[in-house]
Amino acid sequence: MGGLEHANWFMSALFGSMCLIIVVSVLLAQRGREMFIRRIPGLNAIEEAVGRATEMGRPVFFSTGLHGITIVTLQALAILSYIVKLAAVHATRIVVATASATLYPVLEESVREAYTAADHPEAFRSEDVRFVTEEQFAYAMGCVGIMAREQTATNFFFGAFFAESLILAENGRALGALQVAGCPDPVQIPFFIATCDYVVIGDEYYAASAYLTREPTLTGSLIGQDIAKAILIALVIVGVVVASAVGGADSATNNFLLNLLASGAQ
Amino acid sequence: MWNSLLGIFHPAASTSALIWRLILAVAFSIALLVLLHRFLGPRGRRWLIAFVTFAGGLYLGLEYFLPVRGSVLWPTGMPNPNPDRAANILTPGIEPIGIMLSVVGAFTVGLGIYSLCQVHGRNVAQRRPGWHNSGAFFLAMSAMLVFGLWAHYLPDQDAPGGRLPWQESTYELLFGGIFMPLQAATFSLLAFYIASAAYRAFRIHTAEAALMMAAAFIVMLAQVPVGQWLTHGLPTTGPLAFFRLETLGDWIMSWLNTPAQRGIVFGVAVGGLAMSLRIWLSLERGTFFSEQG
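In order, the protein sequence lines correspond to chains F and W.
Under the numbering used here, the first residue of the first sequence is numbered 227, with each subsequent residue one higher.
Under the numbering used here, the first residue of the second sequence is numbered 333, with each subsequent residue one higher.
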């Protein structure tokens, strides 16, 4: 199944209502409404991981994965920004590696701003934000080289990872680093679970900036996305019940509701 | 008007037109950058970034959601330049926007190379431990750059005896003979990493790990002939057919693994939507570059 080139009316209505829910949740949160976020162990571990590097007097390593400027890497940047502020306060060095030349200047600026926001602009070293290469496995080996040479105490892998995920995380583990990973790709999550100490799974990845900063705008958006997810779950249940009632997919081709639900997936 | 505006993004008709376009584009870009740098303070820059982000998102969003027609541009009724793709009035702008993004992205490659030279140059200059690796980087980059460009711009000629010109064969040796085998060797290391990671994951120390081990064992056995042979005595139809390893393995993958993966994908998609909205409306700007205003 390929993606839709243009939205049909059902997709537009569904998408529009989800956007509206998220925006309304943001507005409610900005007006001071209390909102609860469940505990996410992978994100709680960030502070412990940076603290470990501080105690050992060794640097922290952060990889943003292979993508350039995408939603996935922008979220990784938000997490990185938090980690840099934490590391700056603890006077711990952080080395950041990217595989995208497009992302590199944004990354450098973002790290510089985080050091400034933490009142330690003098701690920023431009050579600690590195463009390694755009080649997948050369990037993996370059990162492994950085981990080995710098003897990093903690490794963070947040971003879009593919086959190189296991090379990075397995070598990091062999070097004795505490590792925290987050990746929205369900294919790579098992590799990280097998090799990292803490893993941020699925939509927890996009909850990170709200969870870490507790900013009302971001918290509201997180609540909104949970309501939108509940709507999708309800639609799945309706689809399952109707498909079961009409006797399976083959005899369901003339069912209006099933055709409507399936139109979003063509 | 709209089509003539889009025309400047299409290939030039002649070499002289291309040169003129290049000169004008460079002059326009430099003038724009100088003006922005001169007259925009930090606050103005933030507003400009927010405006460009909003306008870009609005254009691409509207292009996706506006109604479309196959043969004409909706709603103008003008002929669709690409009848194979349903289009509205904003569709013809999608390709030029993609090209513009590629051009902007290409400029950043220079910054990436600068970063590499900065890190490795310092290693060589200060004779840090492992500085010879940084020296190897400069050697490799120079060799690939020189022979890559030389081979690319070499005039087409019939090589004697069907052999490649020496510049091209040197490039082939560097790329196909050294770089590609190194990539393949790194990829092949994955087999060993998977084995060691799987060993750790499948050590039975909790009930969940035991369950995972059992599921993995069935799925792996179902993929190989010996696994299918183990249960070949069971009937192919009826209730007992479910316990044939190939059926059981397929059931685990289709009925347990796939729904779990799709559940994660649902969450990720909605999370991505919320993140996109925050970026589009500049609600998350404070996380990256400046405090929220």
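By construction, the Cβ of each residue, glycine as well, lies at the ideal position given by its N, Cα and C atoms.
No experiment lies behind these values; they were computed from the predicted model shown.
- Shown in chain order are the members of the stretch 496-526 of chain W whose Cβ falls below 7 Å from a Cβ of chain F: GLN515, THR518, PHE519, LEU521, LEU522, TYR525 and ILE526.
- By the neighbour-count criterion, in which a residue is buried when 16 or more other Cβ atoms sit within 10 angstroms of its Cβ, W/ARG375 is exposed.
- Not one beta carbon of chain F lies nearer than 8 Å to the beta carbon of W/PHE470.
- Taking 8 Å as the cut-off, the beta carbon of F/CYS369 is found closer than this to the beta carbon of F/SER289.
- Within the stretch 507-531 of chain W, not a single complete alpha helix (DSSP H) segment reaches 4 residues in length.
- In the structure shown, F/GLN301 falls within a helical segment according to DSSP collapsed to helix, strand and coil.
- Across the structure, W/ILE526 and W/ALA533 are spaced so that their CA atoms are roughly 10 Å apart.
- For the stretch 273-304 of chain F, residues whose beta-carbon sits nearer than 9 Å to a beta-carbon of chain W comprise GLY294, ILE295, ILE297, VAL298, LEU300, GLN301, LEU303 and ALA304.
- When Cβ pairs closer than 8 Å are counted between the two stretches, the stretch 309-319 of chain F is seen to touch the stretch 334-347 of chain F, the count reaching three or more.
- Taking a 10 Å sphere around the C-beta of W/LEU496, we find fewer than 16 other C-beta atoms and assign the residue as exposed.
- Straight through space, the alpha carbons of W/LEU514 and W/ILE426 are spaced by roughly 38 Å.
- Straight through space, the alpha carbons of W/GLY393 and W/VAL384 are spaced by roughly 14 Å.
- W/GLY565 has its alpha-carbon roughly 17 Å from the corresponding atom of W/ILE550.
- In terms of Cβ geometry, F/VAL406 and F/ASP354 do not form a close pair [threshold 8 Å].
- For F/GLY428, the nearest beta carbon of chain W is closer than 8 Å to its own beta carbon.
- In the DSSP assignment, F/ASN381 forms a beta bridge with F/PHE287 and F/GLN405.
- Linking W/SER520 to F/ALA379 through their CA atoms gives a straight-line distance of about 27 Å.
- Counting along the chain, the unbroken beta strand (DSSP E) around F/ALA323 starts and ends at 320-324.
- Beta-carbon to beta-carbon, F/GLU334 and F/SER307 are separated by about 12 Å, too far to satisfy the 8 Å threshold.
- The C-beta of W/SER447 comes closer than 8 Å to at least one C-beta of chain F.
- With respect to F/ILE372, F/PHE236 sits apart: the two C-beta atoms are not nearer than 8 Å.
- Between F/ASN381 and F/GLY402, the C-beta gap is not smaller than 8 Å, which leaves the two residues out of contact.
- In this structure, the straight-line span from the alpha carbon of F/ALA325 to that of W/PHE511 is close to 17 Å.
- Listed in chain order, the positions of the stretch 374-398 of chain F with a beta carbon within less than 9 Å of a beta carbon of chain W are ARG375, ALA389, GLU390, LEU392, ILE393, ALA395, GLU396 and ASN397.
- In the DSSP assignment, F/ILE393 falls within the alpha helix (DSSP H) that extends over 390-400.
- Nearest in C-alpha terms to W/GLY604, of all of F/PRO267, F/ALA374 and F/GLY385, is F/GLY385.
- Contact of W/GLU616 with chain F is assigned, a C-beta pair being separated by under 8 Å.
- A distance of 8 Å or more separates the beta carbons of W/ASN414 and W/VAL400.
- For W/ARG594, the number of other beta carbons within 10 angstroms of its own is below 16, and it is reported as exposed.
- Proximity of W/THR440 to chain F, defined by a Cβ-Cβ separation below 8 Å, is satisfied.
- Not flagged as an interface residue toward chain F: W/ILE421, since no C-beta distance is shorter than 8 Å.
- By DSSP's assignment, W/ARG401 forms a beta bridge with W/ALA419.
- A direct Cα-Cα distance of roughly 7 Å separates F/GLU376 from F/PRO285.
- In the DSSP assignment, W/MET410 forms a beta bridge with W/LEU405.
- If you look at W/VAL436, you'll find it in the alpha helix (DSSP H) that goes 426-457.
- In this structure, F/LEU269 lies near F/TYR437, with their beta-carbon atoms less than 8 Å apart.
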